[in-house]
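Colleague: Take a look at the following structure, please.
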Amino acid sequence: MEYAILFLPLLGSIIGYLGKSATKYFSEIITSFLVSISAVLSLIVFWNGFHNDIYGNYKIFEWISSGDFTANWSINIDPLSSVMLVVVTFISALVHIYSIGYMSHDPHKPRFMSYLSLFTFSMLALVVSDNFLQLFFGWEGVGLCSYLLIGFWYKKETANDAAIKAFIVNRIGDFGLAIAIFLIFFFFGTINFDEVFNITEQYAEKKLIFFGFELNLITLICVFLFIGAMGKSAQFLLHTWLPDAMEGPTPVSALIHAATMVTAGVFLVVRCSPMFEYSQVALNLVTIVGMITAIFAASVALVQNDIKKIVAYSTCSQLGYMFFAAGVGAYHVAMFHLFTHAFFKALLFLGAGSVIHAFKDEQDIRRMGGVRKRLPFTYFYMLIGTLALTGFPLLSGFFSKDAIIEFAYLKNSHIGNYAATIGIFTAFLTSIYSWRLFFKTFHGSYNNTKISLNDTHESPLTMLIPLFFLGLGAVFSGYFFKNTFIGHHSVDFWQASIFFLNEIKHEAIPIWFLLITPVLVSIAIPISYYLYILNPKILDDFKKTNSPLYNFLLNKWYIDELYEKLFVEPSKKIGSFFWKNGDIGVIDKFGPNGISKLVKMISNKTGRLQTGFIYDYAFVMLLGLSILLTYLILK
Amino acid sequence: MNFPILSTLIFLPLLSSLFIFLSRDKKNNNSIYISLFSSIATFLLSLFLWYSLDNNSAEFQFVEEKSWINNYIKFKLGVDGISILFIVLTTFITPICIISCINSIKTRVKEFLIAILILETFMIGVFCSLDLVIFYLFFEAGLIPMFLIIGVWGGPRRVYSAFKFFLFTLLGSVLMLVAIIVIYWLTGTTDITEIYKIKIPKDYQNILWLAFLSSFAVKMPMWPVHTWLPDAHVEAPTAGSVILAAILLKMAGYGFLRFSIPMFPIASEYFTPLIYSLSIIAIIYTSLVALMQDDMKKLIAYSSVAHMGYVTLGIFTLTKQGIEGSIYQMISHGLISAALFLCVGVVYDRLHSRMISSYGGLVSYLPKYSFLFIVFALAALGLPGTSGFLGEFLVLTGAFQKSYLAAMLATFGVVLGAAYMLWLTKRVIFGTINNVEIKNLSDVNKSEIIMLATLAFFVIFFGFYPLPLMETFSVSVNSLIDNYQIALISN
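Chains as they are written, first to last, in the working numbering: chain A, -10 to 624; chain B, 4 to 494.
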């Protein structure tokens, strides 16, 4: 069964690709069907683990063996991976079904479905790995699928650029992950999770000299692991690829860039909790980066106009939440938010896709509005998604996000308090931008000039049914799983898969603190309705008077421009310089070309000596004779 | 076993080239069939050799020994776990080259095939020789057919390229010849199994090591003597590029493993920092240069230099992972670079341009070709699940145990590798169509798909299941490292 979960999506991908011309809808049906089976099986595995405590490690075959450097292809089922299995296969199955409707007009949909299944396989390989190398395989595998899917519409120049950018920025993260793996292998002599984590404690105090600095080994490893996580989870400084990745088709954004792949970084940190727990420095770094990302992305989301980019920045911001939860040591809460976030963010993306579909590929929210009656179901699901995202009481986001803020507060340290404060403020911003998106899309006046209001249409059933299931998840996943994930049963549930050195005690929290977030979040609804629908003038004036601030946010803090100037252009210049001046200018000039020129020159000169005239030779002979004579006489 | 299997392997291609030479054939079909048949027979024979090789022994096997010149120089052959894989790689790539001639070589096909087969003889000879003189002869003799392949069937600047290639390689090898004479003078033998036992005096090691380096560095090629490679590749016909990238470049890496390290262990240790520096420069420098190329073949040639940087880095880490990674990287690069040059050859045969700007949007009209191209591009940038990943990753694991700085810089090269490969893919395969002629191009034909699909299969297969290769050389590598360490301790 475990094998089937992993390999059915791969099988689907291959059959779907090869059999693309078999019959109409062949690829769509086969891929969706196989991934759905995989989802059902994952639920069974999850249930078996949760109820009957059946976990295990299933070896597929040996991958690599070079001295001590050994790794297996394996399927490791533990509480952590079983949760990820459910999230990945469940969302993936829904996205597959949704794509049948969404991509129905695209001539390349078999290829699309095949990529989606391939992605699912890679992601599963990542989460069920029992060693760092297979994790790295999945890690880059999902990166590849993300690359292929972002660049799916290959004729679009922007899509191609976004795809390359995603891959390369991720590679920078992978660089960190690779270095972490080298460090682990060098010092621990193994890359198997269990073996590494079992001996971590012995190395807790180990120092090493790293470029002249004496550093703690565990800290160093964790920092490099985290660089990897930052790349994949689009954390501040390595986040630039995520908004651009919205060039891909919307189902891709929902599956890869919201629910699953981007959470791989969080998963990695949680998976390595037995190491992070021994390094307060690394944990603080995780918290700080998480905090910055949360607030940075929320601030940028406030002013964006592309519906998908807003949701993308929102994802970035929510990932920040997950990281600072992990950073304060509340790994289980981070996983809980990952779990609920997968549902409501996939719902929001697919809902946004449904809106875009209705507007015939319009993504700018300034050219939408007033369609709530035309798209009743989409409207309803987007409403649920928005409520869940903002953390409106009793929906899923409420349980997980508030838990993060509470745990940050309970941490009772400086950094924890900062995190809690930023968390609350970001929750407020989240609420503002989410409702802005919601109101501007569905309320107010109809602003599109290209198609008339009557031509907008509700999406087909294949798109609405997945939305229904995600809606269920967005509403109920928080309430139902709260106890299991973070409540009283959480220790029994997670067992050894999450490690706490100093567990945060769940003490009583002052009631005023508990109320801040829900109150702020609720207040934000009327505020944004007023600002964006009833009286947009206030904001227009504000924009005009504060244009530097507005432009700063609109241009995403100018980070892309900075990177272009700092890294991209210099690389090209240096490359040209090395080629033109290094290879051609120096090596060839003084090397082969120089030598051959020199030889030619010398032979020309010496050739001139052979004039063929007897008097020349006679003269030289005479000259030589006289020099010899002079020498003999003087001696 | 008394049957001289290695000699048979070496001289089978030579014999069939003689056969082609004598055959009268106006349409060239016969010569293609003969050469294909004989090269496949050679391949099968080498597979049999691999199969019968005992993996658990580091000794040379199937040793053949004949007196050659007055008993001073012996014709001695033998294989171990390391060389066998290079032999199989050679015999595997040769039939593919011959198939590629069907489409790309239009003039003097017969002579071209003769050159390829003679080259195969020399290449197998290099990997079998257990005597320095024999090795030197095969090593250098390989230059001649390659020189002709570039100089006769090459592009417009073929003469310049051929001479540059010849100049560079010959210059290095003259020093190696002197070194071989010195070794003979010191030890009284050129049989390398004997030399392994007799320790070369410490004072001589450094200078001899440098002499060997001068030859291997050019062949590898290492920075800064790499500039012949892009030119040679650009002008060489497809089959020539394939052999050059897939096999000729591997001779030097093999040379380091077979000669430099076991014969001069002390010097090898002494010069390790030099090799690290040159390797790192090769990786970063040529990756950046590759980024800016506008000629597809040049880009791939520069990427080869970068990939070979990993090989030299890995070999001189003298760690299990580093050396195994290097060998793996060489085999895998043999498959991947061969495939990439074949890919360029496919479109070159149709459009007669190697410029990246002539292409773009190929995926709409050549979907099968594009699929294969992307597979190889991803393998070249070291995606896990392809053979390209394991070699690099093992090398870096090994390097990290010796030098953080070297390993980190080399790991950064992986990021650059992704940049130039993906950018190439974007400009050639994706995007809009700039060139109207692309609409008339036909997708890969049967012979092309056979070559490329076979290579793609092995690139992916060895990415997931490398054990058949790793088990072959594991014991030999262990003994190499052990002997090296014993030599250092006894010093």
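Think of the CB as a built atom: it goes at the ideal place given N, C-alpha and C, for glycine as much as any other residue.
(1) Beta carbons nearer than 7 Å to chain A: which residues of the region 318 to 335 of chain B have them?
(2) Grouping DSSP H, G and I as helix and E and B as strand, with all else coil, what is Gln599 of chain A?
(3) Which same chain residues end up closer than 7 Å to Cys100 of chain B when comparing Cβ atoms and leaving out the 5 residues on each side of it in sequence?
(4) Whole angstroms is fine: what's the gap from Gly220 of chain A's alpha carbon to Ser390 of chain B's?
(5) Near Met311 of chain A, what residues of its chain come up, given a Cβ to Cβ distance below 6 Å and the 5 sequence neighbours on each side ignored?
(6) Please report the straight-line C-alpha distance between Phe431 of chain A and Phe415 of chain B, rounded to a whole angstrom.
(7) If you reduce the DSSP assignment to three classes, tell me which class Leu227 of chain A lands in.
(8) Verify whether the separation of the beta carbon atoms of Phe379 of chain B and Ser585 of chain A is less than 9 Å.
(9) So Ala285 of chain B is in the alpha helix (DSSP H); what residue range does that whole segment cover?
(10) Helix, strand or coil: how does DSSP classify Glu236 of chain A here?
(11) Just checking: is the beta-carbon of Ala61 of chain B within a distance shorter than 9 Å of some beta-carbon in chain A?
(12) Within the region 290 to 344 of chain A, note down every full alpha helix (DSSP H) run reaching 4 residues or more, in order along the chain.
(13) Which class does Lys202 of chain B belong to by DSSP, given the choice of helix, strand or coil?
(14) Using the rule of at least 16 other Cβ atoms within 10 Å of the residue's Cβ for burial, across every protein chain shown, is Trp36 of chain A buried or exposed?
(15) Considering Phe63 of chain B, what are the terminal residues of the beta strand (DSSP E) in which it resides?
(16) Indicate the three-state DSSP secondary structure (helix, strand or coil) for Ile195 of chain B in the structure shown.
(17) I need the straight-line Cα distance from Leu39 of chain B to Cys104 of chain B, nearest angstrom please.
(18) Would you report the Cα separation of Ser306 of chain A and Ile284 of chain A, rounded to the nearest angstrom?
(19) My guess is that Ala218 of chain A and Leu399 of chain B are in contact by the Cβ rule of under 8 Å, so how many angstroms apart are they, rounded?
(20) To which residues does DSSP link Ser132 of chain B through a beta bridge?
(21) Check Lys494 of chain A in the structure and name its three-state DSSP category.
(22) Does DSSP classify Asn120 of chain A as helix, strand or coil?
(23) What distance in whole Å lies between the Cβ atoms of Met73 of chain A and Val24 of chain A, which are believed to be in contact at a cut-off of 8 Å?
(24) Could you check which residue in B:Gly317, B:Leu211, B:Gly175, B:Ala409 has the C-alpha nearest to that of Phe262 of chain B?
(25) Kindly indicate which residue of B:Thr124, B:Ser340, B:Gly364 has the alpha-carbon position closest to the one of Ile436 of chain B.
(26) Are the C-beta of Gly254 of chain A and some C-beta of chain B separated by less than 9 Å?
(27) Quick one: which unbroken alpha helix (DSSP H) runs of 4-plus residues sit fully inside the region 351 to 423 of chain A? Chain order, please.
(28) Report the residue from A:Ser423, A:Lys471, A:Trp483 whose alpha carbon sits nearest the alpha carbon of Ser511 of chain A.
(29) How about Asn472 of chain A: is its C-beta nearer than 9 Å to some C-beta of chain B?
(30) Between the C-alpha atoms of Ser55 of chain A and Ile72 of chain B, what's the straight-line distance to the nearest angstrom?
(31) For Gly1 of chain B, return the contacting residues in chain A, with the cut-off set at a CB-CB distance below 8 Å.
(32) Can you list, in chain order, the residues of its chain with a C-beta nearer than 6 Å to that of Leu458 of chain B? Leave out the 5 residues immediately preceding and following it.
(33) Could you pull out every residue in the same chain whose Cβ sits closer than 7 Å to the Cβ of Val292 of chain B, ignoring the five residues on either side in sequence?
(34) Spell out a yes or no on whether the region 248 to 263 of chain A and the region 283 to 300 of chain A are touching, meaning 3 or more CB-CB pairs, one atom from each, closer than 8 Å.
(35) Give the C-beta separation of Ala248 of chain A and Ala331 of chain A to the nearest angstrom, bearing in mind that I take them to be a contact with Cβ-Cβ under 8 Å.
(36) Going by other Cβ atoms of all chains shown within 10 Å of its Cβ, with 16 needed for buried, is His85 of chain A buried or exposed?
Modeller: Reading it off the structure:
(1) Lys323, Gln324, Glu327
(2) coil
(3) Ile119, Ala242, Val245, Ile246
(4) 24 Å
(5) Val255, Ala323, His326, Leu327
(6) 47 Å
(7) coil
(8) no
(9) 275 to 294
(10) helix
(11) no
(12) 296 to 316
(13) coil
(14) exposed
(15) Run containing Phe63 of chain B: none; DSSP gives neither H nor E here.
(16) helix
(17) 11 Å
(18) 7 Å
(19) In fact, because the Cβ distance is near 20 Å, the residues do not count as touching under 8 Å.
(20) B:Leu80
(21) coil
(22) strand
(23) The Cβ separation is near 15 Å, so there is no contact.
(24) B:Leu211
(25) B:Gly364
(26) no
(27) 365 to 379, 385 to 399
(28) A:Ser423
(29) no
(30) 42 Å
(31) Past the edges of chain B, shown from 4 to 494, lies residue 1 of chain B, and the structure says nothing about it.
(32) Leu338, Ala342
(33) Tyr305
(34) no
(35) 4 Å
(36) buried
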